[in-house]
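Novice: Keeping their order, the protein sequence lines are chains G and U.
In terms of UniProt numbering, the first sequence opens at residue 1 and continues consecutively.
In terms of UniProt numbering, the second sequence opens at residue 1 and continues consecutively.
2 protein chains.
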Amino acid sequence: MESRIERIKKQLHSASYKLTPQREATVRVLLENEADHLSAEDVYLLVKEKAPEIGLATVYRTLELLTELKVVDKINFGDGVSRYDLRKEGAAHFHHHLICLECGTVDEVQEDLLEDVEDIVERDYNFKIKDHRLTFHGICHRCNERKDQDDAANKK
Amino acid sequence: MESRIERIKKQLHSASYKLTPQREATVRVLLENEADHLSAEDVYLLVKEKAPEIGLATVYRTLELLTELKVVDKINFGDGVSRYDLRKEGAAHFHHHLICLECGTVDEVQEDLLEDVEDIVERDYNFKIKDHRLTFHGICHRCNERKDQDDAANKK
DNA sequence: GTGGATGCAAAAATTTTGCAATATA
DNA sequence: TATATTGCAAAATTTTTGCATCCAC
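1) Using DSSP with H/G/I as helix, E/B as strand and the rest coil, what is residue 126 of chain U?
2) Can you confirm whether residue 106 of chain U, when its beta carbon is compared against all beta carbons of chain G, has any partner nearer than 7 Å?
3) Which parts of the segment 3-71 of chain U are runs of the alpha helix (DSSP H), unbroken and 4 residues or longer, counting only runs that do not cross its ends?
4) Please list the residues of the segment 126-141 of chain U that have a C-beta atom closer than 9 Å to any C-beta atom in chain G, keeping them in chain order.
5) Helix, strand or coil for residue 100 of chain U? Go by DSSP, reduced to three states.
6) Please name the residues in the segment 50-81 of chain U whose beta-carbon is closer than 7 Å to at least one beta-carbon of chain G, in chain order.
7) Determine the burial state of residue 90 of chain U: buried for a count of at least 16 other Cβ atoms within 10 Å of its Cβ, exposed for fewer.
8) If I follow the unbroken beta strand (DSSP E) through residue 108 of chain U, where does it start and stop?
9) Pull the bridge partners of residue 168 of chain G from the DSSP assignment, please.
10) Is the shortest distance between the beta-carbon of residue 43 of chain U and the beta-carbons of chain G less than 7 Å?
11) If we count the other Cβ atoms within 10 Å of its Cβ and call it buried at 16 or more, is residue 25 of chain U buried or exposed?
12) Looking at the structure shown, is residue 85 of chain U part of a helix, part of a strand, or coil, going by DSSP?
13) Using a C-beta cutoff of 7 Å, does residue 19 of chain G count as contacting chain U?
14) Decide if residue 96 of chain U is buried, meaning its Cβ has at least 16 other Cβ atoms within 10 Å, or exposed.
15) Can you check DSSP and say which residues form a bridge with residue 73 of chain U?
16) Please name the residue, chosen from U/19, U/37, U/47, U/21, that lies closest to residue 105 of chain U on a Cα-to-Cα basis.
17) Assign residue 98 of chain U to one of two classes, buried (16 or more other C-beta atoms within 10 Å of its C-beta) or exposed (fewer than that).
18) Is the CB of residue 86 of chain G under 7 Å away from at least one CB in chain U?
19) Do the segment 54-64 of chain U and the segment 2-17 of chain U meet, that is, are 3 or more Cβ pairs less than 8 Å apart?
20) Within the same chain, show all residues whose beta-carbon is closer than 6 Å to that of residue 82 of chain G, passing over the 5 residues directly before and after it, in chain order.
21) So with CB distances below 7 Å, who are the chain U contacts of residue 113 of chain G?
22) With distance defined between alpha-carbon atoms, name the residue in G/71, G/51, G/119 nearest to residue 86 of chain G.
23) Chain G beta carbons: is any one of them nearer than 7 Å to that of residue 38 of chain U?
24) Compare the Cα-Cα distances from residue 130 of chain G to each of U/92, U/30, U/140 and report the closest residue.
25) Report the residue from U/107, U/146, U/43 whose alpha carbon sits nearest the alpha carbon of residue 63 of chain U.
26) Can you list, in chain order, the residues of its chain with a C-beta nearer than 7 Å to that of residue 21 of chain U? Leave out the 5 residues immediately preceding and following it.
27) When DSSP labels each residue in this structure, what does residue 112 of chain U get in the three-state scheme?
28) If I measure Cβ to Cβ from residue 111 of chain U and keep anything under 7 Å in the same chain, skipping five residues before and after, which residues do I get?
29) Can you have a look at residue 138 of chain G and say buried or exposed, based on whether 16 or more other CB atoms are within 10 angstroms of its CB?
30) For residue 135 of chain U versus residue 133 of chain G, is the C-beta spacing smaller than 7 Å?
31) Helix, strand or coil: which one does DSSP assign to residue 95 of chain G?
32) So which of G/127, G/102, G/109 has the shortest CA-CA distance to residue 94 of chain G?
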């Protein structure tokens, strides 16, 4: 079975981009931190651990390239930096995000859930949907559970 | 009947913020350009027409204030600048956006549409939703109609 | 009168670009 | 070998901050 990184390499090749060690190192960092939502600076620092000679500009250029190839999605949570999120392989749609206002954690929702909404928008607004971004802001399950425990403790 | 701007002024007052001419001018610009999605720089240039002495920093500070008061919502379409969108009065939820990949226009969807999705997320992820951001990327009705016309013309 | 608000300029932070040197296919 | 890619530094952009002055309450 072919590895994820092999398939990404082939994607680069098919689009006639060269396979440089810098690009490979960047892709590896993204794969190894799939659950995170890294900024360009975050990626740069992690790549630097393995390939110390890499420049920040190369990381920006590689992330732009991977966005173009739809290997990653560029996303912005409103904190002033762009973040790069690996698109799940074969995923028809970009996944959604849950940002906790309390602890700052960002969780992912892989289910689509938007099919009905998209049907309505396409029909009623005559808008042909190609992609979407959906983010919820609120309180995550960890903070909710902690609060439940606190409440229970106070009742005693 | 009380005007929209009067109510916003009262909101400022209730939160014990002062009512300066700069703040009033900024709010007016936002009201007069309600359909647009202005960046801080955009707002600055428009306010400057009426109150030329205003500084960009004041605009940033005012927009931050209005965001805190939930008069506007800060939103980011991934083009490197934050934009500020007047929240519809009495709207329970932030409205959605349709960004056209062809002509760049941003249209708004005032219907909520997310009730069912939010129920699922709250239940299945134990996530208490406070706010949301939903943006669709695709082709707008104007570009779709133009294309239909072009197709019809080519068939002749 | 006083504390918050402003304007300006400087700084910070993020991202992009020019260019000579390098390395991939 | 030819051309895409890189690293570095400089530039461009966007946003924030310090501080003396000013003004709304």
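All C-beta atoms in this analysis are idealised placements derived from N, C-alpha and C, irrespective of residue type, glycine included.
Specialist: To lay it out plainly:
1) Residue numbering aside, residue 126 of chain U sits at position 126 when the second sequence is read from its first letter. Residue state for residue 126 of chain U is assigned as coil, using DSSP reduced to three classes.
2) Taking the first residue of the second sequence as position 1, residue 106 of chain U is located at position 106. Chain G contact via Cβ: absent.
3) Runs of the alpha helix (DSSP H) inside the segment 3-71 of chain U: 4-14, 21-32, 40-50, 56-68.
4) 126, 127, 128, 129, 130, 131, 132, 133, 134, 135, 136, 137, 138, 139, 140, 141
5) Translated into positions along the second sequence, residue 100 of chain U becomes position 100. Strand, per DSSP.
6) Near chain G, meaning a CB-to-CB distance below 7 Å, the residues of the segment 50-81 of chain U are 74, 76, 78.
7) In the second sequence, counting from the first residue as 1, residue 90 of chain U sits at position 90. Exposed, because fewer than 16 other Cβ atoms sit within 10 Å of the Cβ of residue 90 of chain U.
8) To locate residue 108 of chain U, count along the second sequence from 1; it is residue 108. Segment 106-109, the beta strand (DSSP E) holding residue 108 of chain U.
9) No statement about residue 168 of chain G is possible, as the shown extent of chain G runs from 1 to 156 and does not include it.
10) Here the question's residue 43 of chain U lines up with position 43 in the second sequence. Chain G, which has no Cβ nearer than 7 Å to the Cβ of residue 43 of chain U, makes this no.
11) As a first step, residue 25 of chain U must be located in the second sequence, where it is residue number 25. With 16 or more Cβ atoms within 10 Å of its Cβ, residue 25 of chain U is classed as buried.
12) Here residue 85 of chain U corresponds to residue number 85 of the second sequence, with the count starting at 1. Of the three classes helix, strand and coil, the one that applies to residue 85 of chain U here is strand, per DSSP.
13) Against the first sequence, residue 19 of chain G aligns to sequence position 19. No, because no Cβ of chain U sits closer than 7 Å to the Cβ of residue 19 of chain G.
14) Numbered from its first residue, the second sequence carries residue 96 of chain U at position 96. Classification for residue 96 of chain U: buried.
15) Position 73 of the second sequence holds residue 73 of chain U. Beta-bridge pairing links residue 73 of chain U to U/85.
16) Residue numbering aside, residue 105 of chain U sits at position 105 when the second sequence is read from its first letter. Nearest option by C-alpha distance: U/37.
17) Locating residue 98 of chain U in the second sequence gives position 98, counting from the first residue. Classification of residue 98 of chain U: buried, given that the 10 Å Cβ count is 16 or more.
18) In the first sequence, the residue the question calls residue 86 of chain G occupies position 86. No, no contact with chain U.
19) Look at the beta carbons and you see the segment 54-64 of chain U not touching the segment 2-17 of chain U: under three pairs across the two are nearer than 8 Å.
20) Mapped onto the first sequence, residue 82 of chain G falls at position 82. Within the same chain, Cβ atoms closer than 6 Å to the Cβ of residue 82 of chain G are found at 74, 76, the five residues on either side in sequence being excluded.
21) Against the first sequence, residue 113 of chain G aligns to sequence position 113. Correct list: 117, 120.
22) Here residue 86 of chain G refers to the residue found at position 86 when the first sequence is read from its first residue. Ranking the options by Cα distance to residue 86 of chain G, first place goes to G/71.
23) Working through the second sequence from its first residue, we reach residue 38 of chain U at position 38. Interface flag for residue 38 of chain U against chain G is unset, since no Cβ pair is found closer than 7 Å.
24) As a working mapping, residue 130 of chain G is identified with position 130 in the first sequence. If we check each option's Cα against that of residue 130 of chain G, U/140 comes out closest.
25) Here the question's residue 63 of chain U lines up with position 63 in the second sequence. The residue with the shortest Cα to Cα distance from residue 63 of chain U is U/43.
26) Here residue 21 of chain U corresponds to residue number 21 of the second sequence, with the count starting at 1. Contacts found: 51.
27) Counting from one through the second sequence, the residue named residue 112 of chain U turns up at place 112. Three-state result, residue 112 of chain U: coil.
28) Translated into the one-based positions of the second sequence, residue 111 of chain U becomes position 111. So the list is empty, once near-sequence residues are dropped.
29) Numbered from 1 along the first sequence, position 138 holds the residue referred to as residue 138 of chain G. Looking at its Cβ environment, which holds 16 or more other Cβ atoms inside 10 Å, residue 138 of chain G is buried.
30) The count along the second sequence starts at 1 and reaches residue 135 of chain U at position 135. The count along the first sequence starts at 1 and reaches residue 133 of chain G at position 133. Yes, they are a contact pair.
31) The residue you call residue 95 of chain G lines up with position 95 of the first sequence. Residue 95 of chain G: coil per DSSP, three-state reduction.
32) For the purposes of this step, residue 94 of chain G is taken as the residue at position 94 of the first sequence. Out of G/127, G/102, G/109, G/109 has the C-alpha closest to the C-alpha of residue 94 of chain G.
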